[in-house]
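Below is one structure, written out as structure tokens; the observations come after it.
Protein chains: 2
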Amino acid sequence: MAVRVDLNISLDGVAAPADPTPENPMGADWGRLVEDYMATRTFRARVFGDASGAGTTGIDDRYAAAYFEGIGAEVMGAAMFGLHSFPDDPDWRGWWGDEPPFRVPVIVLTHRPREPISFANGTRFEFSSEAISAAVARARDLADGADVRVGGGLSTVRAALAAGLVDRLHVAVRPVILGRGGRLWDDLPGLDTGYTVASEVAESGVVHVTFSR
Amino acid sequence: MAVRVDLNISLDGVAAPADPTPENPMGADWGRLVEDYMATRTFRARVFGDASGAGTTGIDDRYAAAYFEGIGAEVMGAAMFGLHSFPDDPDWRGWWGDEPPFRVPVIVLTHRPREPISFANGTRFEFSSEAISAAVARARDLADGADVRVGGGLSTVRAALAAGLVDRLHVAVRPVILGRGGRLWDDLPGLDTGYTVASEVAESGVVHVTFSR
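Residue numbers (the working numbering), protein chains in the order written: chain S, 886 to 1098; chain U, 886 to 1098.
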């Protein structure tokens, strides 16, 4: 089993676009980061519930499909779940409606834990104030032999990378220069050491870079 | 004719490694940036004068060969020529010995111009305090229909990019995380706008990204 991270970043390393708002929680530049990922058939089917079969089927789609394969549990930060955008809503159930695309146990890291939320499709959000390393260890147990994803957001992923917890890091690099926002690579010198790195260019122009160990 | 830039950068966008010293003028991390470029047959022949034919001959070498093709004049900053490392040596003739690899007129930007230096192989260093845009315009004249290179260092390249002077930007992205040093992309939001971007992965793992207009 492996601990996996997948992120969409710009060529200048921005993974968290600037100026998120409750109305635009991913930031104004988000579309420029994920345009090719959201165009894939897998993303449209899995996240949008589009059963028409529309969407791209090339290299980007292969990575999108792999994203969802073999994951037995996930860890995410409070912001990714939406707790920073809606801190005072005790009934907030995440951004994803009644069918969150995870379908596995998800540990949401927050200093203000709340009751778990279960969905019919297998998604179960548990809230915990434990440290990233403890959360990943517990997710390994929950995953029962399958892989663990550290889903995001950026600060949670960077904490996992800094702690050496990540076995496979895949970044989809879109060749745009955002020039603002949170950067993935800051203050992680030598992160590549101990990993094998392989890259591949998709038909869309996105460069998929994978660090494995 | 086109104004061209070629740079070696890390995955985190570092083009100018930290802590250059007179003894190690390119910084301690330089080797990690340029290792695959320096391994090419073209670089070995053209810069080291290695006539044995040794070196790699794949995609990296194709870019290395293209680097030297079709250039009629070059513009570089004072630091790249060495004036910041040896400011008080009036006889300093650059890092490259008696056969600088340029073989064309080179405008060196400095606030303290000195007399031109000519070499038998066609390289001629001229020193000028003009602005980057004026220097590039004059280099166009000197190039006589061939391309102009803005060779470096980083601050000179960034000034040319910010001024919209560059027609073709090729970056050889080595998948290492340096985490310190001067970054190419900072404060250039939307730089990709107006360019077509194409990427290609070399056998070495270096990702070659080219912005063209």
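Ideal Cβ placement from N, Cα and C applies to all residues, glycine included.
| What's the C-alpha gap between residue 893/U and residue 1015/U? | As a position in the second sequence, residue 893/U is number 8, starting the count at 1. As a position in the second sequence, residue 1015/U is number 130, starting the count at 1. Whole-angstrom Cα-Cα distance: 26 Å.
| query | Within the 8 Å Cβ cut-off, does residue 1085/U reach chain S? | reply | Taking the first residue of the second sequence as 1, we reach residue 1085/U at position 200. Residue 1085/U counts as touching chain S.
| request: Check residue 923/S in the structure and name its three-state DSSP category. | output: Here the question's residue 923/S lines up with position 38 in the first sequence. Helix at residue 923/S.
| message | If you reduce the DSSP assignment to three classes, tell me which class residue 1056/U lands in. | response | Reading the second sequence from its first residue, position 171 is the one you call residue 1056/U. In the displayed model, residue 1056/U falls within a strand according to three-state DSSP.
| task | Reducing DSSP to helix, strand and coil, say where residue 1067/U ends up. | result | Working through the second sequence from its first residue, we reach residue 1067/U at position 182. DSSP places residue 1067/U in strand when its eight states are reduced to three.
| message | Please tell me whether residue 998/S has its Cβ less than 8 Å away from any Cβ of chain U. | response | Here residue 998/S refers to the residue found at position 113 of the first sequence. Closer than 8 Å: no.
| said: So the candidates are 1088/U, 1094/U, 1096/U; which of them puts its Cα closest to the Cα of residue 944/U? | reply: What you label residue 944/U is simply residue 59 of the second sequence in a count that begins at 1. Comparing Cα positions, the closest option is 1088/U.
| Rounded separation between residue 1024/U and residue 1008/U - CA only | For this step, residue 1024/U is matched to residue 139 along the second sequence. For this step, residue 1008/U is matched to residue 123 along the second sequence. In a straight line, the C-alpha of residue 1024/U is about 13 Å away from that of residue 1008/U.
| task | Using a Cβ cut-off of 8 Å (strictly closer), state whether residue 1061/U contacts chain S. | result | As a working note, residue 1061/U is residue 176 in the second sequence. Closer than 8 Å to some Cβ of chain S, the Cβ of residue 1061/U qualifies, so yes.
| query | Starting from residue 1086/U and walking both ways along the beta strand (DSSP E), at which residues does that stretch end? | reply | Here the question's residue 1086/U lines up with position 201 in the second sequence. Taken as a continuous stretch (DSSP letters only), the beta strand (DSSP E) holding residue 1086/U covers 1081-1086.
| field | residue 1084/S versus residue 930/S - alpha carbon distance | value | Here residue 1084/S corresponds to residue number 199 of the first sequence, with the count starting at 1. Here residue 930/S corresponds to residue number 45 of the first sequence, with the count starting at 1. Those two C-alpha atoms are separated by around 26 Å.
| Nearest-angstrom Cα separation, counted from residue 967/S out to residue 983/S | In the first sequence, counting from the first residue as 1, residue 983/S sits at position 98. In the first sequence, counting from the first residue as 1, residue 967/S sits at position 82. Distance between the alpha carbons of residue 983/S and residue 967/S is about 15 Å.
| message | Measuring alpha carbon to alpha carbon, tell me which residue in 969/S, 1032/S, 1057/S is nearest residue 991/S. | response | As a position in the first sequence, residue 991/S is number 106, starting the count at 1. It is 1032/S.
| request: Just confirm the distance between the C-beta atoms of residue 1053/U and residue 950/U, as a whole number of angstroms; I'd bet it's less than 8 Å. | output: Your numbering for residue 1053/U matches position 168 in the second sequence. Your numbering for residue 950/U matches position 65 in the second sequence. About 15 Å separates the two Cβ atoms, so there is no contact after all.
| request: Spell out whether any CB of chain U is found under 8 Å from the CB atom of residue 1075/S. | output: Mapped onto the first sequence, residue 1075/S falls at position 190. True, the Cβ-Cβ gap to chain U drops below 8 Å.
| request: Only counting runs of 3 or more residues, tell me where the beta strand (DSSP E) segments fall wholly within the region 942-1021 of chain U, in order along the chain. | output: 956-962, 990-994, 1009-1013
| Reduced DSSP secondary structure (H/G/I, E/B, other) of residue 889/U | Residue 889/U sits at position 4 when you count from the first residue of the second sequence. Three-state DSSP puts residue 889/U in a strand.
| message | Is there a C-beta anywhere in chain S that falls below 8 Å from the one on residue 1043/U? | response | Residue mapping note: residue 1043/U aligns to position 158 of the second sequence, counting from 1. Cβ-Cβ to chain S under 8 Å: no for residue 1043/U.
| message | Is the separation between the beta-carbon of residue 1073/S and that of residue 899/S shorter than 8 Å? | response | Reading the first sequence from its first residue, position 188 is the one you call residue 1073/S. Reading the first sequence from its first residue, position 14 is the one you call residue 899/S. Residue 899/S is positioned such that its CB atom lies no closer than 8 Å to that of residue 1073/S.
| Listing by chain order, which chain S residues have their CB less than 8 Å from the CB of residue 1070/U? | By one-based count along the second sequence, residue 1070/U stands at place 185. Under the 8 Å cutoff, chain S gives 896, 897, 898, 1062, 1064.
| Interface residues of chain U facing residue 1090/S [CB-CB closer than 8 Å] | Within the first sequence, the letter at position 205 stands for residue 1090/S. Chain U residues near residue 1090/S: 1082, 1083, 1084.
| Boundaries (first-last residue) of the alpha helix (DSSP H) holding residue 1041/S | As a first step, residue 1041/S must be located in the first sequence, where it is residue number 156. Segment 1039-1047, the alpha helix (DSSP H) holding residue 1041/S.
| message | Does residue 1036/S come out as helix, strand or coil in the three-state DSSP assignment? | response | For the purposes of this step, residue 1036/S is identified with residue 151 of the first sequence, where counting begins at 1. Residue state, collapsed to three classes: strand.
| query | Helix, strand or coil: which one does DSSP assign to residue 1031/S? | reply | For this step, residue 1031/S is matched to residue 146 along the first sequence. Note: residue 1031/S maps to coil in three-state DSSP.
| query | Among 993/U, 1012/U, 985/U, which one has its Cα closest to the Cα of residue 1006/U? | reply | Translated into positions along the second sequence, residue 1006/U becomes position 121. The residue with the shortest Cα to Cα distance from residue 1006/U is 985/U.
| Closest to residue 1086/U by CA distance: which of 1096/U, 1069/U, 1059/U, 963/U is it? | Looking up residue 1086/U in the second sequence gives position 201. Nearest option by C-alpha distance: 1059/U.
| Should residue 997/S go down as buried or exposed, given a rule of 16 or more other Cβ atoms within 10 Å for buried? | Along the first sequence, one-based indexing puts residue 997/S at 112. So residue 997/S ends up on the exposed side.
| field | Neighbour flag for residue 1094/U against chain S, beta carbons, 8 Å | value | Numbered from its first residue, the second sequence carries residue 1094/U at position 209. Yes, its Cβ sits closer than 8 Å to a Cβ of chain S.
| task | Please work out which residues of its chain come closer than 7 Å, Cβ to Cβ, to residue 895/U, disregarding the five sequence neighbours upstream and downstream, and give them in chain order. | result | As a first step, residue 895/U is located in the second sequence; it is residue number 10 there, counting from the start. Correct list, in chain order: 918, 1059, 1061, 1062, 1063.
| task | Label residue 939/S either buried or exposed according to how many other C-beta atoms from any shown protein chain fall within 10 Å of its C-beta, with 16 as the threshold for buried. | result | Your numbering for residue 939/S matches position 54 in the first sequence. Flag for residue 939/S reads exposed.
| task | Decide if residue 1079/S is buried, meaning its Cβ has at least 16 other Cβ atoms within 10 Å, or exposed. | result | Taking the first residue of the first sequence as position 1, residue 1079/S is located at position 194. Residue 1079/S sits exposed, since fewer than 16 C-beta atoms from the chains shown fall within 10 Å of its C-beta.
| message | Quick check on residue 1012/U: buried or exposed, where buried means 16 or more other Cβ atoms within 10 Å of its Cβ? | response | The residue labelled residue 1012/U in the question sits at position 127 within the second sequence. Burial call: buried.
| task | State the Cα-Cα distance for the pair residue 1041/U and residue 958/U, rounded to the nearest angstrom. | result | Here residue 1041/U refers to the residue found at position 156 when the second sequence is read from its first residue. Here residue 958/U refers to the residue found at position 73 when the second sequence is read from its first residue. Taking the straight line from one Cα to the other gives about 15 Å.
| message | Using CA atoms only, rank isn't needed, just tell me which of 976/S, 1051/S, 914/S is closest to residue 1096/S. | response | The sequence position of residue 1096/S within the first sequence is 211, counting from 1. Between residue 1096/S and the set 976/S, 1051/S, 914/S, the nearest pair of CA atoms involves 1051/S.
| query | If we count the other Cβ atoms within 10 Å of its Cβ and call it buried at 16 or more, is residue 987/S buried or exposed? | reply | Residue numbering aside, residue 987/S sits at position 102 when the first sequence is read from its first letter. Counting Cβ neighbours within 10 Å, residue 987/S comes out buried, since at least 16 surround it.
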